[in-house]
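Residue numbers (this note's numbering), protein chains in the order written: chain Z, 179 to 489; chain P, 69 to 321.
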């Protein structure tokens with residue numbers, strides 16, 4: 179299998195700030211590659227470098243076989259970009275936005291109109307094709323942005339936080355779309371905050387923290403990095419203040435994370451934690467509503483890998 | 069995507085890209101309030117303020133008014149377009165597309181040029197229809213007007229190429245635009261100005277535009293002077309386009 183993207187020792191400074199620190203990765207043709215990291219980790223900077231919006235301070239990358247420093251013009255024709263902000267023209271109609279995007283990529287006149295019609299239908303925007311985009315919802319603008327990124331039929335698609343801020347229905351639409359585009363052979367480079375999204379969608383992921391890649395591989399392989407860590411998930415009939423602190427004091431418990439009405443206790447020894455947990459419930463007259471032991475999730479890998487030093 | 073090979077293909081592609089960007093800008097920005105305000109009302113009122121009550125010959129008055137209209141109208145599009153495109157991130161859309169920064173700048177310049185050129189025809193028509201002025205060399209007049217509108221549009225684009233907000237482009241531009249208005253021979257003949265002001269006037273593109281348009285209306289053609297005006301305007305145009313392209317390139321550094 180050939181590589182769609184190869185990043186080699188990419189470095190990017192903003193003044194004195196090191197935003198991307200000797201990043202290396204390879205994305206195979208036809209795969210969905212997830213690029214995960216907390217805010218400010220260097221995800222968007224990496225995408226900007228790969229798409230020609232920024233130059234690396236050091237290192238280079240190849241996209242679609244072309245070098246980003248020498249052949250960026252060739253690369254631009256091969257890639258589609260969905261930035262974090264839906265950058266559509268509010269004053270133009272959905273139709274005009276798509277036609278302009280096609281014109282920018284020199285799509286022939288007959289193809290432009292054919293594809294615009296096809297994409298408006300595919301993205302459920304056909305009925306609003308003559309409406310100005312300023313009146314569209316966030317989800318509709320997102321769909322239009324993705325349609326505009328696809329109008330020239332790119333072979334590599336970059337998506338920067340594609341579902342952030344979308345309602346559940348729109349987010350599901352976008353995720354299904356990413357899968358079907360990938361089925362058609364498009365390579366997808368995706369950044370996301372939503373770890374579950376990456377877990378569901380990506381063939382491989384790289385986790386970036388403070389500009390450096392701290393882990394990469396298939397989601398299941400990454401989860402094995404935190405094997406040995408067990409999670410005991412518990413919920414009580416009522417929640418008092420200071421529960422997290424109290425649970426952390428249970429023998430064998432390494433950390434506690436509150437998730438909604440549940441508490442996740444991280445431990446190496448679940449057998450040691452369980453009696454302590456029951457004792458705590460009895461002592462406080464709390465009724466245990468649910469109790470589960472969970473396998474490590476990609477989120478746990480992410481939290482472990484991106485934890486601040488000493489944190 | 070169609071790929072035309074070779075230098076001719078590249079030039080055609082860039083030019084087409086610029087025209088498509090101009091077409092889009094024309095659709096979006098022509099009716100924006102700052103464009104109408106600074107491009108349409110402002111030159112008209114400024115001119116009236118300085119000419120009412122003065123007995124100026126229509127053949128001197130109209131070319132001056134045409135030049136001012138072109139100057140303000142063509143230059144107003146840049147500050148209304150580029151900062152907004154930067155803010156809404158649509159500029160990134162252009163920068164990641166297979167068109168060069170020069171084509172982007174040229175496209176925006178063409179949008180301003182079209183606006184400036186068309187609006188300048190309004191005072192010209194008033195002069196021809198109501199004041200009965202004739203244009204001695206119409207083709208040279210149109211050529212001079214077109215070159216002026218292009219140069220003034222590129223002037224506005226240059227001031228907007230790095231701006232994040234419209235006032236950041238408009239304010240510094242106006243600091244130069246207004247003095248330029250008074251020293252470029254529109255209201256006060258260059259010959260009556262002190263030597264140092266005249267020296268400044270010859271550093272301003274508007275001076276050459278006013279002179280070229282007057283010469284072509286009056287028919288008092290001095291070929292060398294007209295050539296000088298056209299050459300100076302062309303030089304300013306190249307300078308503004310080049311500097312604006314370099315400024316835009318900084319976005320991708």
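Glycine included, each C-beta is placed from N, C-alpha and C at the ideal position.
Inset, instruction - Could you tell me whether any Cβ in chain P is nearer than 7 angstroms to the Cβ of residue 259 of chain Z? - result: Residue numbering aside, residue 259 of chain Z sits at position 81 when the first chain is read from its first letter. Interface flag for residue 259 of chain Z against chain P is set, since a Cβ pair is found closer than 7 angstroms.
Inset, instruction - Check each candidate in P:279, P:244, P:271 and name the one with the smallest Cα separation from residue 33 of chain P. - result: Given that chain P is displayed from residue 69 to residue 321, the structure contains no residue 33 of chain P and the question cannot be resolved.
Legend entry - CB contact check: residue 263 of chain Z to chain P, cutoff 7 angstroms: For the purposes of this step, residue 263 of chain Z is identified with residue 85 of the first chain, where counting begins at 1. With a threshold of 7 angstroms between beta carbons, residue 263 of chain Z makes contact with chain P.
Legend entry - Contacts that residue 157 of chain P makes with chain Z (C-beta to C-beta distance below 8 angstroms): Counted from its first residue, the second chain places residue 157 of chain P at position 89. Within 8 angstroms Cβ-Cβ: 261, 263, 265.
Inset, instruction - Would you mind telling me which residues of chain Z sit closer than 8 angstroms to residue 127 of chain P, beta carbon to beta carbon, in chain order? - result: The sequence position of residue 127 of chain P within the second chain is 59, counting from 1. Those do not exist, as residue 127 of chain P stays about 41 angstroms from chain Z at its closest Cβ, beyond 8 angstroms.
Legend entry - residue 199 of chain P versus residue 235 of chain P - alpha carbon distance: As a first step, residue 199 of chain P is located in the second chain; it is residue number 131 there, counting from the start. As a first step, residue 235 of chain P is located in the second chain; it is residue number 167 there, counting from the start. Each residue's alpha carbon lies about 38 angstroms from the other.
Inset, instruction - Can you give me the start and stop residues for the alpha helix (DSSP H) that residue 243 of chain P sits inside? - result: Walking along the second chain from the start, residue 243 of chain P turns up at place 175. For residue 243 of chain P, the enclosing alpha helix (DSSP H) starts and ends at 234-251.
Inset, instruction - Determine, using beta carbons only, whether residue 278 of chain Z comes closer than 7 angstroms to chain P. - result: The residue you call residue 278 of chain Z lines up with position 100 of the first chain. At least one chain P Cβ lies under 7 angstroms of residue 278 of chain Z.
Inset, instruction - Indicate whether residue 221 of chain Z and residue 342 of chain Z have their beta-carbon atoms separated by less than 7 angstroms. - result: Working through the first chain from its first residue, we reach residue 221 of chain Z at position 43. Working through the first chain from its first residue, we reach residue 342 of chain Z at position 164. No, the pair does not count as a contact, with Cβ atoms beyond the cut-off.
Inset, instruction - Name the two residues that bound the continuous beta strand (DSSP E) containing residue 408 of chain Z. - result: Working through the first chain from its first residue, we reach residue 408 of chain Z at position 230. For residue 408 of chain Z, the uninterrupted beta strand (DSSP E) segment begins and ends at 408-414.
Legend entry - Short CB-CB distance (under 7 angstroms) between residue 488 of chain Z and chain P: Reading the first chain from its first residue, position 310 is the one you call residue 488 of chain Z. Below a pLDDT of 50, predicted positions are generally treated as unreliable, and residue 488 of chain Z, at 43, falls in that range; the measurement from the model is reported next regardless. Output row for residue 488 of chain Z: interface = no.
Legend entry - Close-in-space but distant-in-sequence residues of the same chain around residue 183 of chain Z (CB under 6 angstroms, 5 per side omitted): By 1-based counting over the first chain, the position of residue 183 of chain Z is 5. Taking C-beta separations shorter than 6 angstroms and ignoring five residues to either side along the sequence, the partners of residue 183 of chain Z in its chain run 205, 241, following chain order.
Inset, instruction - State the DSSP-derived secondary structure class of residue 342 of chain Z, mapped to helix, strand or coil. - result: Counting from one through the first chain, the residue named residue 342 of chain Z turns up at place 164. The answer is coil: DSSP assigns residue 342 of chain Z none of H, G, I, E or B.
Inset, instruction - Compare the Cα-Cα distances from residue 282 of chain Z to each of Z:403, Z:363, Z:255 and report the closest residue. - result: Translated into the one-based positions of the first chain, residue 282 of chain Z becomes position 104. Among Z:403, Z:363, Z:255, the Cα nearest to that of residue 282 of chain Z belongs to Z:255.
Inset, instruction - Name the two residues that bound the continuous beta strand (DSSP E) containing residue 366 of chain Z. - result: To locate residue 366 of chain Z, count along the first chain from 1; it is residue 188. Where residue 366 of chain Z is concerned, the enclosing beta strand (DSSP E) stretches over 365-370.
Inset, instruction - Please confirm if residue 251 of chain Z has its CB atom under 7 angstroms from at least one CB of chain P. - result: Here residue 251 of chain Z is taken as the residue at index 73 of the first chain, counted from 1. So yes, residue 251 of chain Z belongs to the interface.
Inset, instruction - Using 10 angstroms around the beta-carbon of residue 80 of chain P, count the other beta-carbons present and answer buried if the total reaches 16, otherwise exposed. - result: What you label residue 80 of chain P is simply residue 12 of the second chain in a count that begins at 1. The residue in question, residue 80 of chain P, is exposed, as its Cβ has fewer than 16 Cβ neighbours within 10 Å.
Legend entry - Where residue 354 of chain Z falls, given that 16 or more other Cβ within 10 Å makes a residue buried: By one-based count along the first chain, residue 354 of chain Z stands at place 176. That one is exposed.
Inset, instruction - Evaluate residue 453 of chain Z with the Cβ neighbour count: other Cβ atoms within 10 Å of its Cβ, from every protein chain shown; 16 or more gives buried, anything less gives exposed. - result: Here the question's residue 453 of chain Z lines up with position 275 in the first chain. Exposed: under 16 other Cβ atoms inside 10 Å.
Inset, instruction - Round the Cβ separation of residue 252 of chain P and residue 231 of chain P to the nearest angstrom and send it over; I've been treating them as touching at under 8 angstroms. - result: Counting from 1 along the second chain, the entry for residue 252 of chain P is found at position 184. Counting from 1 along the second chain, the entry for residue 231 of chain P is found at position 163. Rounded, the Cβ-Cβ distance is 24 angstroms, inconsistent with contact.
Inset, instruction - Taking residue 141 of chain P as the query, report the chain Z residues whose CB atoms sit under 7 angstroms from its CB, ordered along the chain. - result: Numbered from 1 along the second chain, position 73 holds the residue referred to as residue 141 of chain P. Against chain Z, the beta carbon of residue 141 of chain P has no neighbour under 7 angstroms; the closest one sits roughly 20 angstroms away.
Inset, instruction - With a 10 Å radius around its C-beta and 16 neighbouring C-beta atoms as the bar for buried, classify residue 339 of chain Z as buried or exposed. - result: Here the question's residue 339 of chain Z lines up with position 161 in the first chain. Buried, because 16 or more other Cβ atoms sit within 10 Å of the Cβ of residue 339 of chain Z.
Inset, instruction - Grab me the residues of residue 175 of chain P's own chain with a C-beta within less than 6 angstroms of its C-beta, minus the 5 sequence neighbours each way, in chain order. - result: Taking the first residue of the second chain as position 1, residue 175 of chain P is located at position 107. If you ignore the 5 residues before and after residue 175 of chain P, its C-beta comes within less than 6 angstroms of the C-beta of 86, 89, 90, all in its own chain and listed in chain order.
Inset, instruction - Check residue 279 of chain Z in the structure and name its three-state DSSP category. - result: The residue you call residue 279 of chain Z lines up with position 101 of the first chain. Three-state result, residue 279 of chain Z: helix.
Inset, instruction - Please report the residue range of the alpha helix (DSSP H) in which residue 170 of chain P lies. - result: Numbered from 1 along the second chain, position 102 holds the residue referred to as residue 170 of chain P. 169-197 is the extent of the alpha helix (DSSP H) around residue 170 of chain P.
Legend entry - Nearest-angstrom Cβ-Cβ length linking residue 222 of chain P and residue 187 of chain P, presumed shorter than 8 angstroms: Along the second chain, read from residue 1 onward, the residue named residue 222 of chain P stands at position 154. Along the second chain, read from residue 1 onward, the residue named residue 187 of chain P stands at position 119. No, residue 222 of chain P and residue 187 of chain P are not in contact; Cβ-Cβ is about 17 angstroms, not under 8 angstroms.
Inset, instruction - Would you list, in chain order, the members of the stretch 185-208 of chain Z that have their beta-carbon closer than 8 angstroms to a beta-carbon of chain P? - result: Contacts with chain P (Cβ-Cβ distance below 8 angstroms) from the stretch 185-208 of chain Z involve no residue at all.
Inset, instruction - Identify each residue in the stretch 163-182 of chain P for which the Cβ-Cβ distance to at least one residue of chain Z is less than 9 angstroms, and report them in chain order. - result: Taking 9 angstroms as the cut-off between beta carbons, the residues of the stretch 163-182 of chain P near chain Z are 163, 164, 165, 166, 167, 168, in sequence order.
Legend entry - Contact set for residue 419 of chain Z: own chain, Cβ-Cβ below 8 angstroms, skip 5 residues either direction: Within the first chain, the letter at position 241 stands for residue 419 of chain Z. Excluding positions up to five away in sequence, the list is empty.
Legend entry - Chain-ordered chain P contacts of residue 232 of chain Z [CB-CB under 8 angstroms]: Numbered from 1 along the first chain, position 54 holds the residue referred to as residue 232 of chain Z. Residues of chain P with a Cβ closer than 8 angstroms to the Cβ of residue 232 of chain Z are, in chain order, 320, 321.
Inset, instruction - Starting from the C-beta of residue 312 of chain P, find all residues in its chain whose C-beta is less than 7 angstroms away, skip the five residues before and the five after it, and write them out in chain order. - result: Taking the first residue of the second chain as position 1, residue 312 of chain P is located at position 244. A distance below 7 angstroms between beta-carbons, with the five flanking residues on each side excluded, links residue 312 of chain P to the following residues of its chain, in chain order: 173, 222, 225, 226, 229.
Inset, instruction - Could you tell me whether any Cβ in chain P is nearer than 7 angstroms to the Cβ of residue 420 of chain Z? - result: The sequence position of residue 420 of chain Z within the first chain is 242, counting from 1. Taking Cβ atoms only, chain P never reaches closer than 7 angstroms to residue 420 of chain Z, which makes this a no.
Inset, instruction - Could you tell me whether the Cβ of residue 230 of chain P comes closer than 7 angstroms to any Cβ of chain Z? - result: On the second chain, position 162 is the one that residue 230 of chain P refers to. Proximity of residue 230 of chain P to chain Z, defined by a Cβ-Cβ separation below 7 angstroms, is not satisfied.
Legend entry - Exposure label - residue 93 of chain P; buried when at least 16 CB within 10 Å: Stepping through the second chain from its first residue, residue 93 of chain P is reached at position 25. Buried, by the Cβ-count rule.
Legend entry - is_contact[residue 317 of chain P, chain Z] using C-beta, thresh 7 angstroms: What you label residue 317 of chain P is simply residue 249 of the second chain in a count that begins at 1. Answer no: the Cβ-Cβ gap between residue 317 of chain P and chain Z never drops below 7 angstroms.
Inset, instruction - Please work out which residues of its chain come closer than 6 angstroms, Cβ to Cβ, to residue 351 of chain Z, disregarding the five sequence neighbours upstream and downstream, and give them in chain order. - result: Indexing the first chain from 1 puts residue 351 of chain Z at position 173. Taken in chain order, the list of residues that qualify is empty.
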